[in-house]
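Report on the following structure.
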Amino acid sequence: TRNGIDFAVADLSLHEFGRKEIRLAEHEMPGLMAFRREYSGAYPLKGARISGSLHMTIQTAVLIETLVDLGAEVRWASCNIFSTQDHAAAAVVVGPHGTEEEPKGVACFAWKGETLPEYWWTAEQMLTWPDGKGPNMILDDGGDATLLVHKGVQYEAAGVVPATSEDDSEEYAIVLDTLRASLEKDAKKWTNIAEDIRGVTEETTTGVMRLYQLAAAGELLFPAINVNDAVTKSKFDNRYGIRHSLVDGLNRGTDVLIGGKVAVVCGYGDVGKGSAESLRAQGARVIVTEIDPICALQAAMDGYQVAKLESVISIADIVITTTGNKDVVTVEHMAQMKHQAILGNVGHFDNELDMAGLQRYPGIRRNNIKPQVDEWVFPTGRTIIVLSEGRLMNLGNATGHPSFVMSNSFSNQVIAQIELFTKFKEYDNEVYRLPKVLDEKVARIHLEALGGELTKLTKDQAEYIDVDVEGPYKPEHYRY
Ligand code: NAI
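The sequence shown begins at 8 in the UniProt record's numbering and counts up one residue at a time.
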C-alpha cells in the first residue's frame with residue numbers, strides 16, 4: 008500500500024513508459040474516449056466499486072481509466088498468468104496525475120509470469136476491498152472472478168470446502184485452497200460479497216458459456232451481461248483482433264517463417280476464422296479442423312482443407328487451437344508432430360492442449376528457450392515448441408489485440424457496466440445481451456474514426472425495408 012493504494016505489480020518505475028503507450032492508445036480507442044466526452048461531468052458510475060479480472064494490458068489501462076473518469080472506483084487483476092504488460096500495470100497504479108512516490112491511480116494486482124497460487128491470490132485481492140465491503144460490480148474475462156464468488160458462496164453455505172472436487176485439475180485444487188483459507192478466516196466473506204454485487208459483465212466466449220451454465224442451473228447469484236455476443240465485440244475482437252495478434256505471438260515467440268508452412272487451425276468460429284485468415288495471409292497452407300458441419304463448410308467455402316487432426320497432425324508445421332473446448336490436442340497428437348513443429352493455443356484456457364499429459368509423458372524433457380517458449384524433447388529426440396505453456400499465446404508471447412479493436416469491445420463493456428450498475432433492479436439473475444442500437448452506436452463511432460462514410464436511409468427506403476431511419480437496421484436473428 009502506498010498513498011492509500013494497494014498494489015502488487017512487477018516494477019512501479021515502469022509507469023512512465025506505460026503512460027506514454029497509454030497516451031498513444033487513447034488516440035486508437037475512439038470509442039472509450041467518446042464515452043469520456045459524452046459523460047463528462049455526469050459520473051454515471053459514481054458509487055460503482057468495480058472488481059475487474061481482465062488481461063492487464065495497455066488497452067485495459069485505457070478501459071480502467073475510462074471507468075474511473077465515469078466515476079467508478081476500481082480494483083484490478085489480470086485473468087491470465089502471462090498476459091500482463093508490466094508497464095501498463097505500473098501506470099494504472101500511479102495514475103495520470105500521480106507519481107511513483109505518491110500514486111493516485113487504482114489498486115492493481117498483476118504481473119507477467121504469475122504462478123497459479125499467485126494468480127488466485129491476485130484474484131482474491133481484486134475482490135477484497137479494504138473497508139471490509141466488497142465490489143458492487145464485476146467486470147470479468149473468462150469468468151474466474153465470478154467463479155470465485157460463486158464457489159465461495161456455495162462452500163460457505165455447506166460450511167466446508169471439499170478436499171477434492173468434480174474438477175480434479177491442479178489449478179482447481181488451488182482455488183479450493185484459496186477458499187479454504189478464506190473460510191477459516193471469515194465464514195461469510197463470499198456470501199457478503201455476493202449480496203452487494205449488482206451484476207457482472209463478461210468479456211469472452213468461455214466466460215459467457217460458464218454464465219449460461221450457472222443460469223440454466225438456477226445458480227447465478229446476480230444479473231449478467233454477455234458482452235462477448237455484442238456484434239461489435241465477437242465479430243471484431245475475436246476475429247480481427249486475433250488476425251493481428253496470433254501472427255504477432257508466433258513471430259515474437261519463434262520468428263519462424265510462416266510462408267510455405269502447413270498450419271492447422273482447430274476450430275473455425277470467430278477466433279478460428281481470424282486465425283486462419285492471418286496464417287494464410289502470411290503464405291501458410293492452412294488446414295481447419297471442426298466438429299460443427301456449418302463452420303466446417305464455411306472453412307471449405309473459404310478455401311481451406313477441412314480435415315481431422317489425426318489425418319494431418321504429422322504434416323503440420325504450426326498447430327493453433329481456437330475452440331474454447333478441452334483436450335483438443337492430446338499428447339498422442341503431440342508425439343506425432345514434426346521435429347520443431349510449433350504448438351500454440353488462443354482459446355481461453357490451457358486445457359485445450361493436454362499439457363498435463365505432456366508433462367507426464369515417459370522420458371519427456373523440457374528445454375526452456377526463453378520466457379513463454381519451451382522446447383519439449385521426446386525420447387526419440389524429436390522436439391516440439393510449445394508457446395506460453397498452452398495458455399493464450401497471443402497475449403503470452405505478444406501483447407494481445409491492438410487498441411482499435413479493443414476499443415470496440417471495451418465500449419460495450421462500459422455500456423454494460425453503466426446499464427447494470429444503474430438499472431440492476433430491472434434485471435433478473437439471468438444472462439442478457441445489449442440492445443442492437445448500442446451495438447450500432449459503437450460501430451458508428453469506430454467507422455467515423457476510420458473516415459468511413461455511412462449512407463443514410465431515406466424515410467421512404469426505411470419504410471420499404473421496415474426499419475427505423477435511426478436503426479436498429481437488422482432483426483435480432485440477423486447473423487452478420
Ligand atoms: P466460437 O464458439 O465462435 O468458436 C469455437 C469453434 O470451435 C466452434 O465453431 C466449435 O464448433 C469449434 N470446436 C469445438 N470443439 C472442437 C474440437 N474438438 N475440434 C475442432 N473444433 C471444435 O468461439 P470463439 O468466439 O471463436 O472463441 C473461441 C475461444 O477463444 C474461447 O475460449 C474464447 O474465450 C477465446 N477467445 C480468445 C481470444 C484471444 O485473444 N486469444 C479473443 C476472443 C476469444
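The C-beta atom is built at its ideal place from N, Cα and C for all residues, glycine as well.
Euclidean distance between Cα positions of residue i and residue j
i              : j             : result
alanine 224    : arginine 440  : 19 angstroms
threonine 91   : histidine 157 : 25 angstroms
glycine 388    : threonine 261 : 20 angstroms
glycine 256    : glycine 403   : 8 angstroms
asparagine 199 : aspartate 138 : 13 angstroms
valine 168     : arginine 217  : 21 angstroms
tryptophan 197 : valine 69     : 29 angstroms
isoleucine 71  : alanine 222   : 28 angstroms
valine 271     : arginine 259  : 19 angstroms
lysine 268     : leucine 461   : 40 angstroms
serine 418     : arginine 451  : 12 angstroms
threonine 213  : arginine 287  : 26 angstroms
valine 160     : glutamate 447 : 38 angstroms
glutamate 131  : alanine 237   : 29 angstroms
leucine 184    : lysine 443    : Sequence inspection shows aspartate at residue 184; the leucine mentioned does not correspond to that position. Going from the Cα of aspartate 184 to the Cα of lysine 443 covers about 42 angstroms.
alanine 363    : aspartate 175 : 12 angstroms
tyrosine 368   : glutamine 343 : 13 angstroms
tryptophan 128 : arginine 30   : 30 angstroms
leucine 350    : arginine 292  : 16 angstroms
threonine 211  : serine 395    : 19 angstroms
valine 234     : glycine 149   : 12 angstroms
Per-residue burial, residue i [other beta carbons within 10 Å of its own, 16 or more giving buried]
i              : result
proline 300    : exposed
aspartate 435  : exposed
isoleucine 376 : exposed
histidine 453  : buried
leucine 457    : exposed
valine 335     : buried
glutamine 220  : exposed
methionine 308 : exposed
tyrosine 311   : buried
glycine 397    : buried
serine 47      : exposed
glutamine 366  : exposed
tyrosine 485   : exposed
isoleucine 472 : exposed
Sequence-distant residues of its chain with Cβ nearer than 6 angstroms to residue i (five each side left out)
i              : result
proline 386    : Gly370
proline 51     : Leu77 and Ile425
arginine 250   : Gly281, Glu284 and Ser285
aspartate 277  : Ser241, Asn245 and Arg246
glycine 25     : His94, Ala95, Ala97 and Ala98
alanine 303    : Glu297 and Val313
tyrosine 126   : Ile88
glycine 354    : Thr328, Thr329, Thr330 and Gly331
isoleucine 322 : Val269
serine 410     : Ala32, Glu35, Met36 and Gln66
leucine 227    : Leu221 and Asn436
Residues near residue i in its chain [Cβ-Cβ closer than 8 angstroms; skip 5 each side]
i             : result
glutamine 347 : Glu382, Thr390, Ile391 and Ile392
valine 384    : Ile371, Arg372, Arg373, Asn374 and Thr390
valine 182    : Trp127, Leu154, Leu155 and Lys158
glutamate 107 : Leu19, Ser20, His22 and Val101
Residues of its chain near residue i, where Cβ-Cβ distance is below 7 angstroms and the 5 sequence neighbours each way are ignored
i                 : result
aspartate 93      : Val16, Ala17, Asp18, Leu21, Trp118 and Lys119
cysteine 115      : Phe14, Val16, Met63, Trp83, Ala96, Val99 and Val100
arginine 9        : Pro110
aspartate 475     : Ala469
glycine 290       : Ile265, Gly266 and Gly267
asparagine 143    : Ala55, Arg56, Asp203, Ile204 and Arg205
lysine 315        : Thr296
phenylalanine 428 : Leu52, Ala55, Met144 and Arg205
histidine 340     : Leu316 and Ile320
phenylalanine 356 : Thr213
valine 207        : Ile145, Asp147, Thr153, Phe229 and Ala231
glycine 112       : Ile12, Val99, Val100, Val101, Gly102 and Gly105
Sheet register partners of residue i (DSSP bridge)
i                 : result
phenylalanine 116 : Ala15 and Ala84
asparagine 245    : Its beta-bridge partners do not exist; DSSP assigns none.
threonine 212     : None; threonine 212 has no bridge partner.
glutamine 312     : Ile294
glycine 267       : Note: glycine 267 sits in no beta bridge, so no partner.
phenylalanine 374 : Checking the sequence shown, residue 374 turns out to be asparagine, not phenylalanine. Paired residues: Glu382.
methionine 144    : Ile57 and Gly206
glycine 351       : Ile327
alanine 231       : Val207 and Val438
cysteine 273      : Thr296 and Thr328
isoleucine 391    : Ala348 and Trp383
Contact with chain C by residue i, beta-carbon distance below 8 angstroms
i             : result
aspartate 175 : Among the chains in the structure shown there is no chain C, since it carries only a single protein chain.
(request) Could you pull out every unbroken alpha helix (DSSP H) segment of at least 4 residues lying fully inside the segment 132-180, listed in chain order? (result) 151-165
(request) Let me know the alpha helix (DSSP H) ranges lying completely inside the segment 393-460, each 4 residues or longer, listed in chain order. (result) 400-403, 410-430 and 443-456
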